[in-house]
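> Residue numbers for the sequence shown follow numbering that gives the first Met the number 0, so the first one is 0 and each next one is one higher.
Even glycine gets a Cβ: it sits at the ideal position worked out from N, Cα and C.
As the structure is a prediction and not an experimental result, all values here were calculated from the model.
Quick one: this structure, given as structure tokens, is what I'll be asking you about.
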Amino acid sequence: MIPFSTLTLIFTIILAFSFTPHAGAAEKNVSVEKDTASSLHVISDEMVAEQGKALVEFIGNVKATREDAVLMADSVKVYFNESKNNKESQNHVKQIVATGNVEYTAGERKAIADKVVYTTETEMLVLTGKAPKLLTGKSWVTGKKITLFRNEQRVMVESDGKTRVQAFFDAQDQNRPTDSAKQ
């Protein structure tokens with residue numbers, strides 16, 4: 000059985016893979032208090048924790064809510080570092096993979112994809128599938144693969160060679176304050 004502190008860490012880290020400090024996933028109407036005042040509420044049909052594989056998976060109708068952020072997916076897998084020398088490193092999330100009808104919403108920001116992979120070491124978020132899409136207000140961008148480099152505050156959108164990258168920029172969205180300006 001995975002210790003409660005590890006589960007708390009899981010719920011907290013799941014939120015970290017978004018482009019704002021929000022996101023998540025879990026089972027059975029769980030509410031977990033963070034060190035801050037914000038709570039995380041996670042619902043799914045099942046949760047499977049495999050300590051030997053350093054993996055926790057939330058399966059079926061996954062919905063995680065924190066403040067104004069909501070992550071929904073068919074499945075969310077959380078992979079941990081597997082170092083056996085340092086117990087503390089076992090509690091660190093290595094990668095988070097959300098698959099199937101993935102939709103993340105925070106305020107006016109939204110990401111839609113078939114699969115989202117967040118790697119904690121590089122703070123890179125990769126959206127893939129038929130037509131992954133990032134939306135802010137009425138503006139949007141879509142391509143075959145969207146990579147968000149959180150450390151660099153940079154986005155790269157790639158085509159598959161057949162379908163070109165598309166973007167629409169609404170002038171009104173450029174006049175709105177960004178999430179980082181609010182913080």
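Considering only the beta carbon of each residue, do D113 and G136 sit closer than 7 Å?
Residue 113 sits at position 114 when you count from the first residue of the sequence shown. Residue 136 sits at position 137 when you count from the first residue of the sequence shown. No, Cβ-Cβ distance for D113 and G136 is not below 7 Å.
> Look at the alpha carbon of S74 and the alpha carbon of A110, and state the distance between them as a whole number of angstroms.
If you number the sequence shown from 1, residue 74 lands on position 75. If you number the sequence shown from 1, residue 110 lands on position 111. Their backbone Cα atoms lie some 16 Å apart in a straight line.
> Once the 5 residues before and after E102 are set aside, which same chain residues still bring their CB inside 6 Å of it?
By one-based count along the sequence shown, residue 102 stands at place 103. Around E102: M71 and I111.
> Give me, in chain order, the residues of the same chain whose beta-carbon lies closer than 6 Å to that of R108; leave out the 5 immediate sequence neighbours on both sides.
Your numbering for residue 108 matches position 109 in the sequence shown. Excluding residues within five positions, the ones whose Cβ falls inside 6 Å are T135.
> Of all the beta strand (DSSP E) runs that stay within the bounds of the stretch 67 to 152, which reach a length of 3 or more residues?
68 to 79, 92 to 105, 108 to 118, 123 to 127, 132 to 135, 138 to 141 and 144 to 148
> Are the beta-carbon atoms of Q94 and T64 separated by less than 7 Å?
Translated into positions along the sequence shown, residue 94 becomes position 95. Translated into positions along the sequence shown, residue 64 becomes position 65. Not closer than 7 Å, so no.
> Can you list, in chain order, the residues of its chain with a C-beta nearer than 6 Å to that of E81? Leave out the 5 residues immediately preceding and following it.
Taking the first residue of the sequence shown as position 1, residue 81 is located at position 82. For E81, where only same-chain residues beyond five positions count, the Cβ hits under 6 Å are A53.
> Which word fits M155, buried or exposed, when buried means at least 16 other C-beta atoms lie within 10 angstroms of its C-beta?
Residue numbering aside, residue 155 sits at position 156 when the sequence shown is read from its first letter. With fewer than 16 Cβ atoms within 10 Å of its Cβ, M155 is classed as exposed.
> If you drop the 5 nearest sequence neighbours on each side, which residues of the same chain put their C-beta closer than 6 Å to that of E56?
Along the sequence shown, one-based indexing puts residue 56 at 57. Closer than 6 Å at the Cβ level, and outside the excluded window around E56, lie V47 and K76.
> Do V115 and A97 come within 7 Å of each other at the CB atom, strictly closer than that value?
As a first step, residue 97 must be located in the sequence shown, where it is residue number 98. As a first step, residue 115 must be located in the sequence shown, where it is residue number 116. Yes, they are a contact pair.
> Name the residue from G99, E49, G51 and D67 whose alpha carbon lies nearest to the alpha carbon of V61.
To locate residue 61, count along the sequence shown from 1; it is residue 62. The shortest Cα separation from V61 among G99, E49, G51 and D67 belongs to G99.
> Here's the rule I'm using: 16 or more other beta-carbon atoms within 10 Å means buried, otherwise exposed. How should G160 be labelled?
Along the sequence shown, one-based indexing puts residue 160 at 161. The residue in question, G160, is exposed, as its Cβ has fewer than 16 Cβ neighbours within 10 Å.
> Whose CA, out of L124, F168, D67 and L126, lies closest to the CA of S38?
As a working note, residue 38 is residue 39 in the sequence shown. S38 has its Cα closest to that of D67, out of L124, F168, D67 and L126.
> Does A53 come out as helix, strand or coil in the three-state DSSP assignment?
Looking up residue 53 in the sequence shown gives position 54. Of the three classes helix, strand and coil, the one that applies to A53 here is coil, per DSSP.
> How big is the Cα-Cα spacing for R163 and Q50?
As a working mapping, residue 163 is identified with position 164 in the sequence shown. As a working mapping, residue 50 is identified with position 51 in the sequence shown. The alpha-carbon atoms of R163 and Q50 are separated by roughly 42 Å.
> When you compare each of F168, I42 and L124 to R153 by their alpha carbons, which one comes out closest?
Counted from its first residue, the sequence shown places residue 153 at position 154. It is L124 whose Cα lies nearest to the Cα of R153.
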